[in-house]
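Undergrad: One structure, pasted below without further comment.
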Amino acid sequence: MIPYILYGLVNLAVFILYGVDKSKAKRGKWRIPERTLLIAAVFGVIGALLGMLFFHHKTKKAKFSLGVPAILVIEVVIFLLAGCGPKQEAVPVETTTVTQESTVTVTESEAQAETTRETSSEEIPEETSEARTIDPLTMYVLDVGQGDAILFTCGGQAMLVDGGSSHSSDIIYATLKELGITKIDLMISTHPHDDHVGGLSGAFYVTDVKTVWSPVTEYEGYGFQNLLGNIDRFGAKLVVPAVGDTFVLGSATVEVLGPIAEEEEDLNDLSIVVRITHGANAFLLTGDATVNEEAQILALGVDVRANVLKAGHHGSEHSSSEAFLAAVQPEIVIASCGAYNDHGHPMDAFLNRIKAIGARLYRTDLQGRIMVISDGETIRCETEKNPDADTFQTYHELYAVRETGEDDEHPEENETRDYVLNTKSMKFHLPDCKYVGEIYEGHKQEFHGTREDLLSQGYTPCGNCKP
Ligand SMILES: [Zn+2]
Ligand SMILES: [Zn+2]
């Protein structure tokens, strides 16, 4: 009897160790089961040897020959249990923990643990996904004026990348309702500038937002504070993703390529950059990343190739460098920008670089909402309006103030009145101009004085309100 009791105790130790390992498995990679198996094997063999020694010591040789095969059979059972256990049990355990937790501010290590957990829980279906048919993916670049809001749907799941400025909240709400989306599996706030984060609040009131990725957990801006409030109120999970993190969205995989730096003078260069692969197709979204972050990503040497590129920073000339475009090799480039925007987006240099690589360009300011549909092999585009618009028309051609030479449009140059200035783009507006709402708070300034004063300070009149 003693050898069997001893044997049982040793194997109990194996299971305790295995249990400890399983809790570690939530954080670690799937190397763990192999290690568990090894530990089980070592302890099992020690248990068997000890058992046999005792057996040999206490009994005659005749009985010893019976004990060996009996122990070996038990050994095999133990090995099988140790080997199969983690894969079968870990999945339900992990999916329940994910829904239980809701944190507003997470530390970086927690954030990483959270994302790896999601990743690892999705790995098992992925292994067997080859036999499955691929779900179509649709990318909607919403028309939110000057700003970004991009929605992806695939296999019943949805991802929203940015939401435009605060006054686009209604557009986000209406679009999600129109498309019948009730759950946002992943929301990405690429960076906390208001033209990206402001409208995200609309999504919380019509869908169940599960996880929110943001490059920072603190930022004083109104839109970001609003986002934090909604994450708290609606029980979403805020995660700071790390480069290399992945998220499975139906048949597509979202991978984080940036930001690489932890701090940047220009917040745009902390933009979360994601590459979405869907069968043979890939999509690249770069937020407002400038050439600086693009260069950092290129230096990593990761695969950035994409059929579809959401151009960085609304088609600014400070983004979409030649080197970056050469690496991405996009067939389709989409610029999300507003008519008469204060920044002159998309800029001439950007348009020329896109033209030079022979890519097709789509623009929300000219074509409204843009839809890109992928079946995993082919891609097609649909626009809300003007499918055949000349998207390489310059900002100046489309929106610049016409120099009529008729001074009577502004007969009272010396009349003092209220204006609103954009100190970055150096444009001035009438206070009721619809584009005043799109000016980033940090660049907005009220001014009382004459038109002449402003012109002499280097300001130019808005092309919309023509002050
Ligand atoms: Zn922006
Ligand atoms: Zn920005």
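Numbering (my numbering), first residue to last: -19 to 447.
Beta carbons: idealized from backbone N, C-alpha and C, even for Gly.
Give a yes or no on contact between the region 142 to 158 and the region 364 to 372, applying the rule of three or more CB pairs nearer than 8 Å.
TA: When C-beta atoms of the region 142 to 158 are compared with those of the region 364 to 372, fewer than three pairs fall below 8 Å, so the two segments do not count as touching.
Undergrad: Taking 6 Å as the cut-off, is the CB of residue 174 close to at least one heavy atom of ligand 2?
TA: No, ligand 2 has no heavy atom inside 6 Å of this Cβ.
Undergrad: Tell me which same chain residues have a C-beta within less than 6 Å of the C-beta of residue 131, skipping the five on either side of it?
TA: 120 and 140
Undergrad: Would residue 324 be called buried (16 or more neighbouring beta carbons within 10 Å of its own) or exposed?
TA: buried
Undergrad: Do three or more CB pairs link the region 235 to 244 to the region 205 to 217 at distances below 8 Å?
TA: no
Undergrad: Just reading off the alpha helix (DSSP H) that residue 157 is part of, what are its end residues?
TA: That run of the alpha helix (DSSP H) goes 149 to 158.
Undergrad: Do residue 368 and ligand 1 come close, with the Cβ less than 6 Å from some heavy atom?
TA: Residue 368 Cβ: outside cutoff for every heavy atom of ligand 1.
Undergrad: Beta-carbon within less than 8 Å of residue 329's beta-carbon, same chain only, minus the 5 sequence neighbours each way: which residues are those?
TA: 297
Undergrad: With hydrogens ignored, establish whether the beta-carbon of residue 268 is closer than 6 Å to any heavy atom of ligand 1.
TA: yes
Undergrad: Tell me whether residue 444 counts as near ligand 2, meaning its Cβ is closer than 6 Å to at least one heavy atom of that ligand.
TA: no
Undergrad: Starting from residue 221, follow its DSSP beta bridges and name the residues at the other end.
TA: DSSP links residue 221 through a beta bridge to no other residue.
Undergrad: Which word fits residue 291, buried or exposed, when buried means at least 16 other C-beta atoms lie within 10 angstroms of its C-beta?
TA: buried
Undergrad: Determine contact between the region 185 to 195 and the region 152 to 165, defined as no fewer than three beta-carbon pairs at a distance below 8 Å.
TA: yes
Undergrad: Can you say whether residue 354 is buried or exposed, counting buried as having 16 or more other CB atoms within 10 angstroms of its CB?
TA: buried
Undergrad: Check this for me: beta carbons of residue 406 and residue 356, under 7 Å apart or not?
TA: One thing to note: residue 406 has its Cβ no nearer than 7 Å to the Cβ of residue 356.
Undergrad: Give the DSSP-derived three-state secondary structure of residue 448 in the structure shown.
TA: Outside the displayed span of the chain (-19 to 447) sits residue 448, for which this structure offers no information.
Undergrad: Count the other C-beta atoms from every protein chain shown that fall within 10 angstroms of the C-beta of residue 425, then say buried if there are 16 or more, exposed otherwise.
TA: exposed
Undergrad: Among the candidates 338, 255 and 152, whose CA atom is the shortest distance from the CA of residue 277?
TA: 255
Undergrad: When the distance is taken between beta carbons, is residue 232 closer than 7 Å to residue 410?
TA: Residue 410 places its beta carbon 7 Å or farther from that of residue 232.
Undergrad: Find the nearest neighbour of residue 274 within the set 289, 299 and 262, judged by alpha-carbon distance.
TA: Looking at the Cα atoms, 299 is the closest of the given residues.
Undergrad: Taking C-alpha atoms, which residue in 260, 227, 126 and 151 lies nearest to residue 420?
TA: 126
Undergrad: State the beta-bridge partners of residue 400 as determined by DSSP.
TA: 409 and 426
Undergrad: If you reduce the DSSP assignment to three classes, tell me which class residue 188 lands in.
TA: strand
Undergrad: Only counting the same chain, and skipping five residues up and downstream in sequence, which positions put a Cβ closer than 6 Å to that of residue 257?
TA: 233
Undergrad: Could you check where the beta strand (DSSP E) with residue 238 kicks off and where it finishes?
TA: 232 to 238
Undergrad: The beta strand (DSSP E) that contains residue 314, what's its start and end?
TA: 312 to 315
Undergrad: Just mark residue 295 as buried or exposed, buried being the case when its beta carbon has 16 or more other beta carbons within 10 Å.
TA: It is buried - the Cβ of residue 295 has at least 16 other Cβ atoms within 10 Å.
Undergrad: Go ahead and pull the three-state DSSP assignment for residue 362.
TA: strand
Undergrad: Hey, how far is the Cα of residue 423 from the Cα of residue 270?
TA: 19 Å
Undergrad: Does the beta carbon of residue 482 fall short of 6 Å from some heavy atom of ligand 2?
TA: The structure shown does not extend to residue 482, since the chain is modelled only from -19 through 447, so no value can be given for it.
Undergrad: Bridge partners for residue 138 per DSSP, in chain order?
TA: 133
Undergrad: Of all the options 380, 156, 136 and 310, which has the alpha carbon lying nearest to the alpha carbon of residue 336?
TA: 310
Undergrad: Between the C-alpha atoms of residue 378 and residue 446, what's the straight-line distance to the nearest angstrom?
TA: 14 Å
Undergrad: Tell me whether residue 434 sits in a helix, a strand or coil according to DSSP, three-state version.
TA: helix
Undergrad: Can you list, in chain order, the stretches of the alpha helix (DSSP H) that have 4 or more residues and sit fully within the region 240 to 304?
TA: 271 to 280
Undergrad: Taking the CB atoms as reference points, tell me whether residue 229 and residue 134 lie closer together than 7 Å.
TA: yes
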